[in-house]
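Participant: Take this structure, written in structure tokens, and hold onto it; I'll ask about it next.
This is how it looks when you write it as structure tokens:
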């Protein structure tokens, strides 16, 4: 097994993470005097979850190219690459934090370009509450809402579908696009579990996120943690019981670092439940906290991001929740791998419930301590000697 044994300890300043688990699974063969191979010992039980086919093919032992594939001539079609388009500047309404600002900027745009008689823009303005981000901040999209033109379904079919593609070809290309995305996800999961994340600050927020999120999601959050250094002059604006409104000033450099612009963001903080909400609405749009909200948490002495803002959908081990339900019965009692997978699925449900409140957490810990004590004492109910 590739997880047999343990890695040798070295004095490297930035050592690679331990990926082996001391797995006992093995097959021992020996060349006997008759010049034949004889199986000496076989151990089929693993002490770790088995990898899916999408993940296992990324390991070095499975990266083999058949002779027939090596002989295939590389054609031009095999060297096609997908290039992302240049990101265009965001439209004016992305910078509007309040509805009054949106109305003002819209009017300035219409007057500046003489578009007062444009019927299409008039209809668009009438439906502004359906598409303007400033109107949608109270709705949770968590990454589903495309903020700019480079996001959305178009990127999913990039390189596969053109304007002349027929409906039948579109259905065929959909399978190819889906396979490409699945491959990218499998590679991302593999790299997230088997690589160290580079920490760029000494913030405890960054360290916390590096332990739970996938690499792609961590990098997005890391940008916000780094951006905290641009946020300063945090002030209390109003106080209404446990809810306090803070104003965070952010310094933004534009025009090749030649011009500095300052924006002001209102952030609500509820002290009893450590809830935070920024006027920019980044959490509802993207699913992770903005630099302004993190600044307010840090200002109030909160050293870790509250659990309600760590969404499990981007946890590096999230897909383990959806292992194939192959069932478990008394006939499988000797299969330790099946027992492990079955217990793991059940334990995740207990963990989810145990994090909902302090009382539930204490109840779960008490039951776990009781079980561990019974195991260590060799309770007869468990068949231990």
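In our numbering, the protein residues as written are 956 to 1340. Glycine is no exception: its CB is placed at the ideal position from the N, C-alpha and C atoms. Please read these numbers as outputs of a predicted model, since none were measured by experiment.
(1) By the DSSP assignment, the alpha helix (DSSP H) with residue 1127 in it spans what residues?
(2) Going by C-alpha distance, which of 1137, 1089 and 1148 is nearest residue 1236?
(3) Here's the rule: buried if 16 or more other CB atoms are within 10 angstroms of the residue's CB, otherwise exposed. What is residue 1302?
(4) Considering Cα atoms alone, identify which of 1251, 1219 and 1139 is closest to residue 1056.
(5) How is residue 1085 classed by DSSP in three states: helix, strand or coil?
(6) Assign residue 1244 to one of three DSSP states: helix, strand, or coil.
(7) So, is residue 1332 buried or exposed, given that buried needs 16 or more other C-beta atoms within 10 angstroms?
(8) Could you spell out the range, first to last residue, of the beta strand (DSSP E) harbouring residue 1172?
(9) Over the uninterrupted beta strand (DSSP E) stretch that includes residue 1270, give me the two end residues.
(10) Looking at the secondary structure, which residues open and close the alpha helix (DSSP H) in which residue 1159 lies?
(11) Where do the N-terminal and C-terminal ends of the beta strand (DSSP E) with residue 965 fall, by residue?
(12) My output table needs one value for residue 1038: the three-state DSSP class, helix, strand or coil.
(13) Let me know if residue 1127 comes out buried or exposed under the rule of 16 or more other beta-carbons within 10 Å of its beta-carbon.
(14) Taking the alpha carbon of residue 1093 as the reference point, which residue from 1242, 1134, 1266 and 1247 has its own alpha carbon closest?
(15) Grab the span of the beta strand (DSSP E) containing residue 1192 for me, first residue to last.
(16) Can you list, in chain order, the residues of its chain whose CB lies under 8 angstroms from that of residue 1048, leaving out five sequence neighbours each side?
(17) Can you tell me whether residue 1115 is helix, strand or coil according to DSSP?
Facilitator: A quick look at the data gives this:
(1) Within the chain shown, residue 1127 is the residue found at index 172, counting from 1. Note, residue 1127: alpha helix (DSSP H), 1122-1148.
(2) For this step, residue 1236 is matched to residue 281 along the chain shown. Checked all of 1137, 1089 and 1148; the closest Cα to residue 1236 is 1089.
(3) To locate residue 1302, count along the chain shown from 1; it is residue 347. It counts as exposed.
(4) Reading the chain shown from its first residue, position 101 is the one you call residue 1056. Residue 1219 is the option with its Cα nearest to residue 1056.
(5) Indexing the chain shown from 1 puts residue 1085 at position 130. If DSSP states are grouped into helix, strand and coil, residue 1085 belongs with the helices.
(6) For the purposes of this step, residue 1244 is taken as residue 289 along the chain shown, with counting starting at 1. Coil.
(7) Residue 1332 sits at position 377 when you count from the first residue of the chain shown. Per the 10 Å Cβ criterion, exposed.
(8) For the purposes of this step, residue 1172 is identified with residue 217 of the chain shown, where counting begins at 1. Element bounds for residue 1172: not the beta strand (DSSP E) but the alpha helix (DSSP H), 1170-1181.
(9) Sequence index remark: in the chain shown, residue 1270 carries index 315 (1-based). It is not in any beta strand (DSSP E) - residue 1270 carries neither H nor E in the DSSP assignment.
(10) The residue you call residue 1159 lines up with position 204 of the chain shown. 1159-1167 is the extent of the alpha helix (DSSP H) around residue 1159.
(11) As a position in the chain shown, residue 965 is number 10, starting the count at 1. Here residue 965 belongs to no beta strand (DSSP E), and DSSP marks it neither H nor E.
(12) Here residue 1038 refers to the residue found at position 83 when the chain shown is read from its first residue. With a pLDDT of 30 at residue 1038, under the threshold of 50, the modelled position of that residue is not reliable, and the figure given next carries that caveat. The answer is coil: DSSP assigns residue 1038 none of H, G, I, E or B.
(13) Sequence index remark: in the chain shown, residue 1127 carries index 172 (1-based). Exposed, because fewer than 16 other Cβ atoms sit within 10 Å of the Cβ of residue 1127.
(14) Here the question's residue 1093 lines up with position 138 in the chain shown. Each of 1242, 1134, 1266 and 1247 was checked against the Cα of residue 1093, and the nearest Cα belongs to 1242.
(15) Indexing the chain shown from 1 puts residue 1192 at position 237. From DSSP, the beta strand (DSSP E) with residue 1192 extends over 1186-1195.
(16) Sequence index remark: in the chain shown, residue 1048 carries index 93 (1-based). Because the pLDDT of residue 1048 is 45, which lies under 50, any placement of that residue in the model is unreliable, and the number read from its coordinates should be weighed accordingly. Excluding its 5 nearest sequence neighbours in each direction, residue 1048 has C-beta neighbours in its own chain below 8 angstroms: 1057, 1060, 1061, 1087, 1088 and 1089, listed in chain order.
(17) The residue given as residue 1115 occupies position 160 in the chain shown. Residue 1115 falls in the coil class under three-state DSSP.
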